[in-house]
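Residue numbers (the numbering used here), protein chains in the order written: chain F, 7 to 375; chain H, 66 to 349. Written out below as structure tokens is the structure these notes cover.
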Amino acid sequence: MSAPADFTLADEDGRRTLRFTGTLTLARLQDVPARLEHVDPAPAAVDLSGIDRMDTVGAWVVHRLVRDTSIEVTGADAGAAHLLQQVAAADKPLKVRPDTRTPFLRVLGEMGEAVIGSARTLMGLLGFFGGVLVTFWDVVRHPRRFRMNAIVRQFEVVGIEALAIVGLMSFLIGIVIAQQGAIQLRQFGAEVFTINLVGRLTFRELGVLMTAIMVAGRSGSAFAAQIGSMRLAEEVDAMRTIGVSPMEALVLPRVLAAVLMMPLLSVYAALVALVGGGLFSWLSLDIPPVTFVARLQEVVPLTDFLQTLIKAPVFGVIIAIAGCYQGMQVEGNAEAVGLRTTAAVVQSIFLVIVLDAFFAVFFASIGWI
Amino acid sequence: MSGDRPENLIEVRGLRNSFGDQIVHDNLDLDVRRGEILGVVGGSGTGKSVLMRSIIGLQQPDQGEVKVFGEQMIGRDDADARNIRRRWGILFQGGALFSTLTVAENVQVPLREYFRHLDSKLLDEIAGYKVAMTGLPAEAGPKYPSELSGGMRKRAGLARALALDPDLLFLDEPTAGLDPISAAAFDELIKSLKDTLGLTVFLITHDLDTLYAICDRVAVLADRKVVAIGTIPELLALDHEWIQEYFRGPRGRAAADAAEREDSDQAGQPDQPVGAPARTEQGA
């Protein structure tokens, strides 16, 4: 291996001359650039006759030393001179990073941007919802534009393929509610009220809420990612130019699927949770299934079931709209798909829980207790 | 290492690649000589990119051996291959710039990875002249890849490929998707960089103008192997259906005429009319 880069200072012909030696390449430069900064006073000439080889980085180091000065470069062979010339031609000031602001201004700016961003997103979601309604109305008036295949496909993806995971989750939640409830109620000798707890909680809240969270994580994210990648690949633009409305072909089937599948999945989730709770009651509390079911019929009012049926489609709309809206907002690069997908899930779960709180207050005030 | 300087920077022997039932390469041989620009052509689906990926180690071949800089590449672990990797630069088809970094930061990635001791001022300066060398304007430095046009992205990708002053440069369709003026400028750029830096270039292309303008030799991929390799006149003399169709088709002839006009211009006959009939001694 050849010698690493180095330099010496000497007086030649009465001139202070900086003489490079060794291999002047990126891999062999070592601390030469740093040491060159401390050469004082500046040499009058730079002698390159002692170097073995030079690459563009080496040429740059030499160029940096001699530019804006009257230092003379001597002893460069044809190749080295050519490299120096090329590097000098490419010497243009270049910013590496965009300008940054002071931290205080940046925090203020980011807060402002976040507020504006939230307001924009909310308006965007509302506008998008309006767009979906308009499209829906169009399709209702022209039923031939109804895309049966796409919708059935989405039913399968959103509904049927979610059955296993939603079922497992609900079953476990049923067991957990029954078990935790039993521990607390045992202190009052009221273990039998575990049935009330499981029955009412799953139908009023947990069945639909957990299903909504699961669907947001499974399907809302998928909507955003699918539509987002289609936007990146210009598929959405291609659709538009062919005359196919993306709203009709992409968004409406997903929204309809979510709206129709959410109630079914929620009721299914509530039922499976009851099975889990019932199983726990039977095995652990010695409440036989017959008693469990008979008591359920007494304590769970029809209005609890209706609450699920009312809330579920609304949550479905929110999840599908948030997913599709974020997907349609994707622009630029693959990173945007990830960001938008995250935003879709976060927004839909957030909105679902906010609306659930409103629903709880609303149903309580109309007497559905 | 400096003692033995192999004549062939890349040697591929008996390469076999397949995806499921589909055999892409079978018993493929290829040599890339030091200091040449080798153009690789072939119809769509003949495995040009797969060949490049096998050479640079992104695709594990079923059989065969690949030597780069005289060193066996297949079966090498990553840590072992680092010393070879830093001697080549690769320009992927879409540029493959890291989207979260600016253009200049992209160029600095290989430098930071291999030379941690470089101070940040020198790093910034190196990125600066590399970016300028590839013909990008200075404003492009702090921009993110999503803010660039396709041609600028390719130049930025080339700047990153050149970051470590490689001996060997792989280019995957560098002029695809560029307008003719940018494509010609890109050809010029590669040629001048090759002359300045003494590069060896492995160039996959569909662009006949590029082949005529800058390639020293051309390798033709067909029937799962390299069916022919040589200068364009040598290839033209061969009796292979695809090669004849490729170079003698309407586009091939147009590119040949253009290359010939340029040659005669450079030979000191600038006053020759542009539409002059093609001379026959070059075998067109």
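Beta carbons are placed, not taken as given, at the ideal position from N, Cα and C, and that holds for glycine.
Helix, strand or coil at residue i [DSSP, three-state]
i, result
"residue 86 of chain F", "helix"
"residue 339 of chain F", "coil"
"residue 96 of chain H", "strand"
"residue 280 of chain F", "helix"
"residue 142 of chain H", "coil"
"residue 83 of chain H", "strand"
"residue 98 of chain F", "coil"
"residue 10 of chain F", "strand"
"residue 78 of chain H", "strand"
"residue 374 of chain F", "coil"
"residue 19 of chain F", "coil"
"residue 29 of chain F", "strand"
"residue 156 of chain H", "strand"
"residue 180 of chain H", "coil"
"residue 103 of chain F", "coil"
"residue 234 of chain H", "strand"
"residue 53 of chain F", "strand"
Top-ranked residue by Cα proximity to residue i, from the options
i, options, result
"residue 38 of chain F", "F:74, F:361 and F:13", "F:13"
"residue 284 of chain F", "F:227, F:197 and F:21", "F:197"
"residue 152 of chain H", "H:213, H:263, H:111 and H:297", "H:263"
"residue 221 of chain F", "F:302, F:193, F:194 and F:350", "F:350"
"residue 103 of chain H", "H:284, H:168 and H:177", "H:284"
"residue 114 of chain H", "H:329, H:207, H:302 and H:236", "H:236"
"residue 108 of chain H", "H:95, H:273 and H:234", "H:273"
"residue 258 of chain F", "F:294, F:231, F:323 and F:216", "F:323"
"residue 309 of chain H", "H:323, H:325, H:324 and H:292", "H:292"
"residue 175 of chain F", "F:69, F:365, F:276 and F:247", "F:276"
"residue 289 of chain F", "F:87, F:57, F:127 and F:184", "F:184"
"residue 344 of chain F", "H:79, H:76, H:164 and H:248", "H:164"
"residue 57 of chain F", "F:25, F:51 and F:346", "F:25"
"residue 79 of chain F", "F:21, F:108 and F:107", "F:21"
"residue 195 of chain H", "H:184, H:176 and H:117", "H:176"
"residue 258 of chain H", "H:226, H:182 and H:142", "H:226"
"residue 357 of chain F", "F:320, F:341 and F:40", "F:320"
"residue 297 of chain F", "F:340, F:219, F:199 and F:347", "F:199"
"residue 36 of chain F", "H:183, H:101, H:144 and H:134", "H:183"
"residue 208 of chain H", "H:199, H:221 and H:198", "H:221"
"residue 267 of chain H", "H:234, H:91, H:260 and H:96", "H:234"
"residue 238 of chain H", "H:248, H:201, H:232 and H:231", "H:248"
"residue 189 of chain H", "F:98, F:170 and F:286", "F:98"
"residue 202 of chain H", "H:224, H:187, H:185 and H:186", "H:224"
Same chain, Cβ closer than 6 Å to residue i, neighbours up to 5 away in sequence not counted
i, result
"residue 341 of chain H", "Unreliable placement is indicated for residue 341 of chain H, whose pLDDT of 41 sits below 50; the coordinate value is still reported in the next sentence. Excluding residues within five positions, none has a Cβ falling inside 6 Å."
"residue 252 of chain H", "275, 278 and 279"
"residue 225 of chain F", "164"
"residue 315 of chain F", "269"
"residue 338 of chain H", "Reliability of the predicted coordinates at residue 338 of chain H is poor, the pLDDT of 44 falling under 50, and no value is obtained from them."
"residue 334 of chain H", "Residue placement at residue 334 of chain H is poorly supported in this model, since its pLDDT is 48, which falls under 50; the coordinates still yield a value, given next. There are no such residues."
"residue 192 of chain H", "169, 172 and 173"
"residue 96 of chain H", "73 and 76"
Residue i, buried or exposed, once every other Cβ within 10 Å from all chains shown has been counted against 16
i, result
"residue 66 of chain F", "buried"
"residue 125 of chain F", "exposed"
"residue 370 of chain F", "exposed"
"residue 282 of chain H", "buried"
"residue 105 of chain F", "exposed"
"residue 75 of chain F", "exposed"
"residue 106 of chain H", "buried"
"residue 49 of chain F", "buried"
"residue 346 of chain H", "Because the pLDDT at residue 346 of chain H is just 39, under 50, the model does not fix this residue reliably, and the point stays unresolved."
"residue 129 of chain F", "exposed"
"residue 89 of chain H", "buried"
"residue 296 of chain H", "exposed"
8 Å CB neighbourhood of residue i in its chain, flanking five on each side removed
i, result
"residue 243 of chain H", "215, 216, 219 and 251"
"residue 302 of chain F", "201, 205 and 280"
"residue 246 of chain F", "252"
Nonlocal neighbours in the same chain, by C-beta distance under 7 Å from residue i, ignoring five residues either side
i, result
"residue 207 of chain F", "183"
"residue 203 of chain F", "183 and 187"
"residue 131 of chain F", "327, 328 and 331"
"residue 16 of chain F", "23 and 25"
Residue i beta carbon near the ligand COA (any heavy atom closer than 7 Å)
i, result
"residue 252 of chain F", "Of the ligands one can find in the structure shown there are none, so the ligand COA has no counterpart to examine."
The stretch 229-241 of chain F contacting the stretch 134-153 of chain F, beta-carbon criterion three pairs below 8 Å: no
Does the stretch 148-165 of chain H come close enough to the stretch 319-335 of chain F to have 3 or more Cβ pairs within less than 8 Å? no
Contact between the stretch 357-371 of chain F and the stretch 81-95 of chain H: three or more CB pairs below 8 Å? no
Quick check: the stretch 52-61 of chain F against the stretch 27-36 of chain F, are there 3 or more CB pairs under 8 Å? yes
Taking three-plus beta-carbon pairs below 8 Å as touching, is the stretch 80-91 of chain F in contact with the stretch 46-56 of chain F? yes
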